[in-house]
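Per the working numbering, residue 491 is the first one in the sequence shown, and the count goes up by one each step.
Heads up, the beta-carbon is just placed ideally off N, CA and C, and yes, glycines get one too.
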Amino acid sequence: MKILVTGAAGFIGFHTSKYLLKRGDEVLGLDNINDYYDVNLKEARLAQLTSQPGFRFIKMNLEDRDGIAKMFAAEKPQRVINLAAQAGVRYSLENPHAYVDANIVGFVNILEGCRHNGVEHLSYASSSSVYGANKVSPFSIHHNVDHPVSLYAASKKANELMAHTYSHLFGLPTTGLRFFTVYGPWGRPDMALFIFTKAILDGKPIDVFNYGKMQRDFTFVDDIVEGVIRVTDNVPKPNPEWDAIAADPGTSAAPYKVYNIGNHHPEELLHFIEVIEDCVGKKAIKNLLPMQPGDVPATSADVEDLMKDVGFKPATPIEEGIRKFVDWYRWYYKV
């Protein structure tokens with residue numbers, strides 16, 4: 491198939507594009523290569539993709555309304571995987587407008603492109619952050635997600651609402667993917683694993699929020715990509731049993747679906763740090779701090795619907811995943 495992958499120079503977009511190319515798809519990669527984090531890392535990912543047959547790259551902002559419309563009209567992708575977004579919970583407290591531009595304005599441009607050009611299926615990155623103040627664990631797609639605690643989370647919830655509208659009005663099949671704390675080789679420098687590994691190797695202290703009393707459903711990037719591809723291949727259909735009186739948030743009478751993609755095995759943050767220490771061969775200097783605004787104390791994914799519909803659930807243990815990241819980090823940075 492011809493598949494548009496937005497955010498192709500990003501962490502998950504890069505790995506997703508590699509997977510698609512390996513299986514023989516034609517990939518049109520789109521990214522604006524912004525400087526939210528190290529541009530050199532994005533360029534290095536992109537260089538691995540552009541060297542492969544079947545990949546073409548377009549540099550563009552999602553919020554470029556005319557540019558996105560012309561690109562869709564000219565390229566006519568069969569399916570779209572929208573992974574481009576302004577990421578980061580904490581950064582959304584500092585620069586809220588970036589989230590509106592990329593995650594709201596940009597997403598409606600993607601929806602319009604899909605609507606007017608016969609796209610068979612739009613799958614897009616949502617986030618476990620949408621669960622916000624929810625205390626019921628594990629987090630289920632059948633739970634209410636109306637209480638976000640960061641603008642980033644609100645923007646991802648908005649994406650799900652916008653997608654449902656287009657599924658309902660125009661019959662556009664859409665699937666939202668709620669990712670749970672993704673990590674692995676070529677990862678983002680603003681994420682905990684990257685920050686901790688660098689600091690430990692450099693002999694510098696690490697900030698450990700909520701005094702280490704955090705749990706995260708750390709999910710290895712290869713598992714995320716496997717889930718993304720399987721879901722993209724599985725075009726959602728309307729649920730004939732959907733009942734508006736007892737409305738299920740995880741499904742719809744429209745061709746719309748959401749899934750959790752997480753390791754369904756939350757890890758204590760302090761244990762996560764211990765595994766990094768073992769892989770690096772050095773102890774961390776911990777700076778214990780209170781909870782950050784916008785953070786939640788624990789995340790845990792219920793992946794039963796993912797397993798039922800596409801026959802897959804992530805299962806890479808952090809001991810294996812962190813080892814692969816540290817090996818990549820040492821290679822890439824020549825440490």
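Proximity winner among the options, relative to residue i (alpha-carbon distances)
{"i": "Tyr749", "options": "Val590, Arg569 and Arg668", "result": "Arg668"}
{"i": "Asn607", "options": "Glu565, Ala574, Pro739 and Ala736", "result": "Glu565"}
{"i": "Gly578", "options": "Lys747, Met781 and Ser645", "result": "Ser645"}
{"i": "Glu810", "options": "Lys747, Pro675 and Thr671", "result": "Pro675"}
{"i": "Ala588", "options": "Leu552, Asp556, Ala534 and Arg605", "result": "Leu552"}
{"i": "Ile775", "options": "Ile763, Gly784, Met781 and Gly740", "result": "Ile763"}
{"i": "Gly693", "options": "Pro780, Glu767 and Leu779", "result": "Glu767"}
{"i": "Gln542", "options": "Tyr509, His761 and Lys532", "result": "Tyr509"}
{"i": "Ala682", "options": "Arg580, Gly503 and Leu494", "result": "Arg580"}
{"i": "Val718", "options": "Gly740, Met491, Ala499 and Ser507", "result": "Ser507"}
{"i": "Ser617", "options": "Arg605, Val595, Thr665 and Asn599", "result": "Thr665"}
{"i": "Tyr746", "options": "Pro728, Phe815 and Phe684", "result": "Pro728"}
{"i": "Met652", "options": "Gly677, Ala623, Ser630 and Asn599", "result": "Asn599"}
{"i": "Ala559", "options": "Cys604, Tyr823, Leu760 and Glu794", "result": "Cys604"}
{"i": "Ser657", "options": "Pro726, Leu583, Asn700 and Pro679", "result": "Pro726"}
{"i": "Lys872", "options": "Ala689, Met561, Asn524 and Pro679", "result": "One cannot answer for residue 872 here, as it falls past the ends of the chain, which runs 491 to 825."}
{"i": "Thr722", "options": "Arg820, Val800 and Gly661", "result": "Val800"}
{"i": "Gly596", "options": "Gln576, Asn585 and Leu583", "result": "Gln576"}
{"i": "Arg720", "options": "Arg513, Asn524 and Gly661", "result": "Arg513"}
{"i": "Pro807", "options": "Asp795, Arg820, Val765 and Trp818", "result": "Val765"}
Boundaries of the beta strand (DSSP E) in which residue i is found, first to last residue
{"i": "Glu516", "result": "Glu516 to Asp521"}
{"i": "Pro695", "result": "Pro695 to Val698"}
{"i": "Gly596", "result": "Where Gly596 is concerned, there is no enclosing beta strand (DSSP E), although the alpha helix (DSSP H) it sits in stretches over Gly596 to His606."}
{"i": "Asn572", "result": "Arg569 to Asn572"}
{"i": "Ala615", "result": "His611 to Ser617"}
{"i": "Leu778", "result": "Ile775 to Leu778"}
Span separating the alpha-carbon of residue i from that of residue j
{"i": "Asn530", "j": "Tyr673", "result": "19 Å"}
{"i": "His637", "j": "Tyr621", "result": "7 Å"}
{"i": "Tyr614", "j": "Asn634", "result": "20 Å"}
{"i": "Ala791", "j": "Ala537", "result": "34 Å"}
{"i": "Arg706", "j": "His755", "result": "8 Å"}
{"i": "Asp712", "j": "Leu779", "result": "31 Å"}
{"i": "Lys798", "j": "Val825", "result": "43 Å"}
{"i": "Lys647", "j": "Asp591", "result": "15 Å"}
{"i": "Tyr642", "j": "Glu516", "result": "31 Å"}
{"i": "Asp785", "j": "Val639", "result": "7 Å"}
{"i": "Glu757", "j": "Asp697", "result": "18 Å"}
{"i": "Asn777", "j": "Phe708", "result": "21 Å"}
{"i": "Ile714", "j": "Asn724", "result": "15 Å"}
{"i": "Pro663", "j": "Ala744", "result": "8 Å"}
{"i": "Tyr526", "j": "Phe802", "result": "32 Å"}
{"i": "Met550", "j": "Lys532", "result": "14 Å"}
{"i": "Gly503", "j": "Val495", "result": "7 Å"}
{"i": "Ala624", "j": "Thr789", "result": "Before going further, note that residue 624 is Asn rather than Ala in the sequence given. Going by the C-alpha atoms only, they are around 10 Å apart."}
{"i": "Asn742", "j": "Ser630", "result": "Note that residue 742 corresponds to Ser in the displayed sequence, not to Asn. If I take the Cα positions, the gap works out to 15 Å."}
{"i": "Pro679", "j": "Phe562", "result": "31 Å"}
{"i": "Ile571", "j": "Leu796", "result": "17 Å"}
{"i": "Arg535", "j": "Thr655", "result": "34 Å"}
Strand pairing of residue i, partner residues [DSSP]
{"i": "Asn524", "result": "BP columns for Asn524 are empty, so no partner."}
{"i": "Val748", "result": "Gly666"}
{"i": "Thr709", "result": "Val672"}
{"i": "Phe629", "result": "Ala791"}
8 Å contact criterion, which residue i and residue j should meet: CB distance rounded
{"i": "Pro628", "j": "Lys703", "result": "Incorrect: roughly 18 Å between the Cβ atoms, too far for contact."}
{"i": "Glu602", "j": "Gln568", "result": "The Cβ separation is near 17 Å, so there is no contact."}
{"i": "Leu573", "j": "Gly497", "result": "4 Å"}
{"i": "Leu812", "j": "Cys769", "result": "The amino acid at residue 812 is misidentified as Leu; the sequence shows Ile. Ile812 to Cys769, Cβ: 5 Å. Contact."}
{"i": "Ile751", "j": "Pro804", "result": "7 Å"}
{"i": "Pro739", "j": "His632", "result": "6 Å"}
{"i": "Phe670", "j": "Asn753", "result": "7 Å"}
{"i": "Leu583", "j": "Phe545", "result": "With 8 Å as the limit, Leu583 and Phe545 do not qualify as a contact, their Cβ atoms being about 36 Å apart."}
Residue interval of the alpha helix (DSSP H) (run including residue i)
{"i": "Ala534", "result": "Val529 to Thr540"}
{"i": "Val495", "result": "Counting along the chain, Val495 falls outside any alpha helix (DSSP H), though it belongs to the beta strand (DSSP E) covering Lys492 to Thr496."}
{"i": "Arg546", "result": "Premise fails: Arg546 lies in the beta strand (DSSP E), Phe545 to Lys549, not in any alpha helix (DSSP H)."}
{"i": "Leu760", "result": "Leu759 to Val770"}
{"i": "Glu553", "result": "Per DSSP, Glu553 belongs to no alpha helix (DSSP H) and is neither H nor E."}
{"i": "Val817", "result": "Per the sequence shown, residue 817 should be read as Asp rather than Val. Segment Ile808 to Tyr823, the alpha helix (DSSP H) holding Asp817."}
{"i": "Tyr642", "result": "Leu641 to Phe660"}
{"i": "Lys502", "result": "In the sequence under discussion, the amino acid at residue 502 is Ile, which differs from the Lys named in the question. Phe501 to Arg513 is the span of the alpha helix (DSSP H), which, as asked, contains Ile502."}
{"i": "Asp692", "result": "Ala682 to Asp692"}
{"i": "His587", "result": "Pro586 to Tyr589"}
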